[in-house]
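**Student:** Please see the structure below; I have some questions.
Number of protein chains: 2
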Amino acid sequence: MANGSPTAPTGRTSGGGNSPFARRGAPRRKAVPGDTRLHNRSLVLRTIFRSGPLSRADLARSTHLTRAATSELAAELLAEGLVEELGTRSDQGVGKPATLLGLVPDARLTVTLDLSDDARFRAALVDLGGKVLDRRAAARDGRRAESALELATELCVDLAGAAARPLLGVGVGSPGVVDPAGIILEAPNLGWHGVDLSAHLAQAIPAPVHVANDANAAALGELGLGGPAERSLLLVKVGHGVGAGLVLDGHLVVGDRFAAGEIGHVVVDPDGAPCACGRIGCLETAVAAPRLRRADDRGRQAGGRRLGEALAPVVSALNLREIVLSGPLDLLDESFRAAALDAIRERTMPAVGDYVDIRLSSLGEDDVLLGAAMLVLDRELGVA
Amino acid sequence: MANGSPTAPTGRTSGGGNSPFARRGAPRRKAVPGDTRLHNRSLVLRTIFRSGPLSRADLARSTHLTRAATSELAAELLAEGLVEELGTRSDQGVGKPATLLGLVPDARLTVTLDLSDDARFRAALVDLGGKVLDRRAAARDGRRAESALELATELCVDLAGAAARPLLGVGVGSPGVVDPAGIILEAPNLGWHGVDLSAHLAQAIPAPVHVANDANAAALGELGLGGPAERSLLLVKVGHGVGAGLVLDGHLVVGDRFAAGEIGHVVVDPDGAPCACGRIGCLETAVAAPRLRRADDRGRQAGGRRLGEALAPVVSALNLREIVLSGPLDLLDESFRAAALDAIRERTMPAVGDYVDIRLSSLGEDDVLLGAAMLVLDRELGVA
DNA sequence: GTAGTTAGTTTGGATACTACACAAACAAAT
DNA sequence: ATTTGTTTGTGTAGTATCCAAACTAACTAC
Chain B
15 MANGSPTAPT
25 GRTSGGGNSP
35 FARRGAPRRK
45 AVPGDTRLHN
55 RSLVLRTIFR
65 SGPLSRADLA
75 RSTHLTRAAT
85 SELAAELLAE
95 GLVEELGTRS
105 DQGVGKPATL
115 LGLVPDARLT
125 VTLDLSDDAR
135 FRAALVDLGG
145 KVLDRRAAAR
155 DGRRAESALE
165 LATELCVDLA
175 GAAARPLLGV
185 GVGSPGVVDP
195 AGIILEAPNL
205 GWHGVDLSAH
215 LAQAIPAPVH
225 VANDANAAAL
235 GELGLGGPAE
245 RSLLLVKVGH
255 GVGAGLVLDG
265 HLVVGDRFAA
275 GEIGHVVVDP
285 DGAPCACGRI
295 GCLETAVAAP
305 RLRRADDRGR
315 QAGGRRLGEA
325 LAPVVSALNL
335 REIVLSGPLD
345 LLDESFRAAA
355 LDAIRERTMP
365 AVGDYVDIRL
375 SSLGEDDVLL
385 GAAMLVLDRE
395 LGVA
Chain C
15 MANGSPTAPT
25 GRTSGGGNSP
35 FARRGAPRRK
45 AVPGDTRLHN
55 RSLVLRTIFR
65 SGPLSRADLA
75 RSTHLTRAAT
85 SELAAELLAE
95 GLVEELGTRS
105 DQGVGKPATL
115 LGLVPDARLT
125 VTLDLSDDAR
135 FRAALVDLGG
145 KVLDRRAAAR
155 DGRRAESALE
165 LATELCVDLA
175 GAAARPLLGV
185 GVGSPGVVDP
195 AGIILEAPNL
205 GWHGVDLSAH
215 LAQAIPAPVH
225 VANDANAAAL
235 GELGLGGPAE
245 RSLLLVKVGH
255 GVGAGLVLDG
265 HLVVGDRFAA
275 GEIGHVVVDP
285 DGAPCACGRI
295 GCLETAVAAP
305 RLRRADDRGR
315 QAGGRRLGEA
325 LAPVVSALNL
335 REIVLSGPLD
345 LLDESFRAAA
355 LDAIRERTMP
365 AVGDYVDIRL
375 SSLGEDDVLL
385 GAAMLVLDRE
395 LGVA
């Protein structure tokens, strides 16, 4: 191996800027033979990640690489400790028994941070299988700006210190508008404007850092670690405000100014209630958590309807199938869900609306934490 | 060269299924060394396509390949006749003068077909630079199903016969829902349900066939041959109905059932006019061409507003910047455009709405024809 | 115990890049 | 007129990667 293994923590100062797989939306660049290798390596790793323990021959069959190639790649992954041999398969017919290869869940760990809760920051130590090994939380107590940054950093450093195995990276889901390099362009609630969170954390922890919007991260997590293996999904996160994360064909949609998913201030009812932003009838005035908490069952239904009305054009334009709700379970109840789905179906053509499904996040409260872990897994290992 | 040159017309029966670059939304497959070559080849070709005549050294600088590599690739493109030497550069400082390489516009031709007009089918012979060399049109006279298929095929065969140079492929922009293999799943106006247009045309013309929804094709064309070089855009096509084409980061969004962009039957006004589809207040009842033609200036403004209201959630969810209108210029006038833009700005947050721009298609009436050409250019040469 | 089957490894060949060196062609300075 | 320096484009050696095919290994079935 010529240069250091690509998964070794290198303590890069700029998060997300130069990881092997962190160039999703970037303009297409040249290809070198090594890219072929990297692609196939992640293809093998992804196949193991998604389809459980498999033999080298199984891998060859599902990747369409030759057995020789998968064998070579498997050897590399074994040497890095990412994969291990799990003994031979028992229930097999004739022929030499297959040696099963499985992901080593704690070969690398991820420190993840969820800044989406208005009241407290949460952090976790997550293994490669998406299992939370340890967690911390810290009340925010209204901290903003520098002070909030320090609190977040403390949490991460604390958990990084508690990690008994090498770190794959640090993943953060933050409210607000986040650029691909990990700079928080705008997070009004935290008083952050142009804060280079990625660089800040990379300075404190010798591992690559990846930052994304909270809803975007949750969407990635839902797709990679959650329910059925779809390739596209819209996740709507109801909290202090309302935000969404959109993944199309496995790619996160970030938008022109990196503000994709910011649907909280779409006007859904020009005759509605005034919003904190100064306008009238923003979606947030109907479905944000504080508003829903004050509402009765009928009020929650009305909120669901408003959400559905806002999503109907999006569902039509993208021909979306899967919509996932994330947030307090007592608020996102069946009547809310049904009202939203009904509104979408009423307002889209049947060829589209008939296939739409709305469901609750399968990751629950940890969706942003696990989504941030998935972000790191994707950016560092190409598993997505 | 081991096997036939990748650009030679091979008369594939299945359109779009096995062209080198026709696997955009497909699940990621293995990479082989040849993919590296293909990628870099199209990178060089794309650079010439977009940035005009360039020397081999210029290409090396912008692609970040070495001069040796670009030289090799250029030799291949020269041998295929896609590129030619245009003599040495005059306005140069010291050093050996650069030999400029330029695209040969008529090295290959594309037969393109526009089925979007309700009254007549249009077809054209388009060169690699997007110039229309010849065109045909045929009144539809209400033809449907088999009869419409024959008329379309005739037009294409006619133009293919008129082509004085080898065909790169056939491109079609069709109304309705089109799957990536070129099967028209649903085109009610033409009476097509599950018609394998691609196979039908490939049988008549010995060249690869690519079919897309009309608005989708137009969106690709606008991006590749039209105005400023953006990577994302929503094109709204107003005709007999209303449809849209969406390109994000250079990739066409097709949607779960390949119906992305079908926004004509989004309900925008529950108290509005009944629609032919049986519902009330679909977008089409406010902004389809026949409706706008009957309306006065105020009516067109109202239509624009309705369009803006439908697009506001889409613009927010995707953080879109560029929206292009396509259709009859007398209907899509300034008051329509302004009303749509105002509605979007009023209904989205300023961080998103302030950057949104709506403009008319820069390709005019030929946008679907040229879009279909761009589709072929992209799928066959990777130029996009 | 032999034949058949499946798993995994080894070897040779093809491809496609990089790095480096070199020749060609010109401008500017002397 | 000659030298120097710069840029272009090509040629060569080396490395990386994959595939194809042959091979070894291990097991079942009869």
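Which chain is which? The protein sequence lines are B and C, in order.
First residue of the first sequence: 15, per the numbering used here; consecutive thereafter.
First residue of the second sequence: 15, per the numbering used here; consecutive thereafter.
No residue lacks a Cβ here, since even glycine has one placed at the ideal position from N, Cα and C.
Does residue 337(C) come out as helix, strand or coil in the three-state DSSP assignment?
**Tutor:** It is a strand residue.
**Student:** What is the DSSP secondary structure of residue 170(B), reduced to helix, strand or coil?
**Tutor:** Looking at residue 170(B) - three-state DSSP - the assignment turns out to be helix.
**Student:** Grouping DSSP H, G and I as helix and E and B as strand, with all else coil, what is residue 244(B)?
**Tutor:** It is coil, neither helix nor strand.
**Student:** Rounded to whole angstroms, what's the CA-CA distance from residue 96(C) to residue 271(B)? Just pull it up for me.
**Tutor:** Rounded to the nearest angstrom, the two C-alpha atoms are 37 Å apart.
**Student:** For chain C, is any of its Cβ atoms less than 8 Å away from the one on residue 269(B)?
**Tutor:** Answer yes: the Cβ-Cβ gap between residue 269(B) and chain C drops below 8 Å somewhere.
**Student:** Taking beta-carbon pairs under 7 Å, can you tell me which members of the segment 349-383 of chain C lie near chain B?
**Tutor:** Answer set for the segment 349-383 of chain C: 360, 361, 362, 363, 365, 366, 369.
**Student:** Can a CB atom of chain B be found closer than 8 Å to the CB of residue 413(C)?
**Tutor:** Given a span of 15 to 398 for chain C in the structure shown, any question on residue 413(C) remains unanswerable.
**Student:** Ordered along the chain, which non-local residues of its own chain (more than five positions away) have a Cβ less than 7 Å from that of residue 33(B)?
**Tutor:** Same-chain partners within the cutoff: 222, 393, 394.
**Student:** Just tell me which of 301(C), 379(C), 285(C) has its CA closest to the CA of residue 295(C).
**Tutor:** Looking at the Cα atoms, 285(C) is the closest of the given residues.
**Student:** Going along the chain, which residues of the segment 189-209 of chain B sit with their C-beta nearer than 8 Å to a C-beta in chain C?
**Tutor:** From the segment 189-209 of chain B, only 191, 200 have a Cβ closer than 8 Å to chain C.
**Student:** Between residue 144(C) and residue 239(C), which are expected to be in contact by the criterion C-beta below 8 Å, what is the C-beta distance as a whole number of angstroms?
**Tutor:** That pair is a contact at about 4 Å.
**Student:** Chain B beta carbons: is any one of them nearer than 8 Å to that of residue 24(C)?
**Tutor:** A caution first: residue 24(C) carries a pLDDT of 34, below 50, which makes its placement in the model unreliable, though a value can still be read off. Closer than 8 Å: no.
**Student:** Quick check for students: name the residue ranges of the beta strand (DSSP E) that lie wholly in the segment 187-263 of chain C, counting only runs of 3 or more.
**Tutor:** Complete beta strand (DSSP E) runs here, min 3: 198-200, 223-227, 247-252, 256-262.
**Student:** Nearest chain B C-beta to residue 167(C) closer than 8 Å, yes or no?
**Tutor:** It does not: the Cβ of residue 167(C) has no partner Cβ on chain B nearer than 8 Å.
**Student:** Just to confirm, is the Cβ distance from residue 43(B) to residue 78(C) under 8 Å?
**Tutor:** In contact: residue 43(B) and residue 78(C) (Cβ atoms closer than 8 Å).
**Student:** Comparing alpha-carbon positions, which option in 300(C), 313(C), 216(C) lies nearest residue 181(C)?
**Tutor:** With distances taken between Cα atoms, residue 181(C) lies closest to 216(C).
**Student:** Using a Cβ-Cβ distance cut-off of 8 Å, determine whether residue 133(C) contacts chain B.
**Tutor:** No, its Cβ sits nowhere closer than 8 Å to a Cβ of chain B.
**Student:** For residue 111(C), would you say it is in contact with chain B, using Cβ-to-Cβ distances shorter than 8 Å as the test?
**Tutor:** Residue 111(C) does not count as touching chain B.
**Student:** By the criterion of Cβ-Cβ separation under 7 Å, what are the contact partners of residue 275(C) in chain B?
**Tutor:** Per Cβ cutoff of 7 Å: 331.
**Student:** Grab the span of the beta strand (DSSP E) containing residue 323(C) for me, first residue to last.
**Tutor:** Careful: residue 323(C) lies outside any beta strand (DSSP E), inside the alpha helix (DSSP H) at 311-332.
**Student:** Pick from 364(C), 276(C), 340(C), 352(C): whose alpha carbon is nearest that of residue 281(B)?
**Tutor:** Of 364(C), 276(C), 340(C), 352(C), the residue nearest in Cα terms is 364(C).
**Student:** Counting only the same chain and skipping the five closest in sequence on each side, list residues whose C-beta sits under 6 Å from that of residue 206(C).
**Tutor:** Correct list, in chain order: 198.
**Student:** Can you pull the chain C residues whose beta carbon is under 7 Å from the beta carbon of residue 77(B), in chain order?
**Tutor:** By Cβ distance, chain C contributes 44.
**Student:** List the endpoints of the continuous alpha helix (DSSP H) containing residue 298(C).
**Tutor:** Per DSSP, residue 298(C) belongs to the alpha helix (DSSP H) from 298-301.
**Student:** Take residue 362(B) as the anchor and find which of 383(B), 337(B), 326(B), 278(B) has the nearest alpha-carbon.
**Tutor:** For residue 362(B), the nearest C-alpha among the options comes from 326(B).
**Student:** What runs of the alpha helix (DSSP H), each 4 residues or longer, lie entirely inside the segment 68-119 of chain C?
**Tutor:** Complete alpha helix (DSSP H) runs here, min 4: 70-77, 81-93.
**Student:** Between which residues of its own chain and residue 87(C) is the CB-CB distance below 7 Å, once the five residues before and five after are set aside?
**Tutor:** Contacts found: 54, 55, 58.
**Student:** Residues of chain C with CB under 8 Å from residue 50(B), in chain order?
**Tutor:** Within 8 Å Cβ-Cβ: 45, 46, 47, 49, 50.
**Student:** Find out if the Cβ-Cβ distance for the pair residue 169(B), residue 152(B) is shorter than 8 Å.
**Tutor:** For residue 169(B) and residue 152(B), yes; Cβs fall inside 8 Å.
**Student:** Does the pairing of the segment 114-128 of chain C with the segment 379-389 of chain C give three or more beta-carbon distances under 8 Å?
**Tutor:** They touch, by the three-pair rule.
**Student:** Output yes or no for whether 8 Å exceeds the beta carbon distance between residue 165(B) and residue 158(B).
**Tutor:** The answer is no: Cβ separation not under 8 Å.
**Student:** Would you tell me roughly how many angstroms separate the C-alpha atoms of residue 171(C) and residue 148(C), rounded to the nearest one?
**Tutor:** Rounded to whole angstroms, residue 171(C) to residue 148(C) spans 13 Å at the Cα level.
**Student:** Taking the beta carbon of residue 371(B) as the centre, do at least 16 other beta carbons fall within 10 Å, making it buried, or is it exposed?
**Tutor:** Looking at its Cβ environment, which holds fewer than 16 other Cβ atoms inside 10 Å, residue 371(B) is exposed.
**Student:** Taking Cβ-Cβ distances shorter than 7 Å, what residues in chain B pair up with residue 246(C)?
**Tutor:** In chain order: 270.
**Student:** Could you give the DSSP three-state label for residue 270(C): helix, strand or coil?
**Tutor:** In this structure, residue 270(C) counts as coil in the three-state DSSP scheme.
**Student:** Could you tell me the alpha carbon to alpha carbon distance between residue 349(B) and residue 306(B), rounded to whole angstroms?
**Tutor:** Looking at the two C-alpha atoms, the distance is approximately 12 Å.
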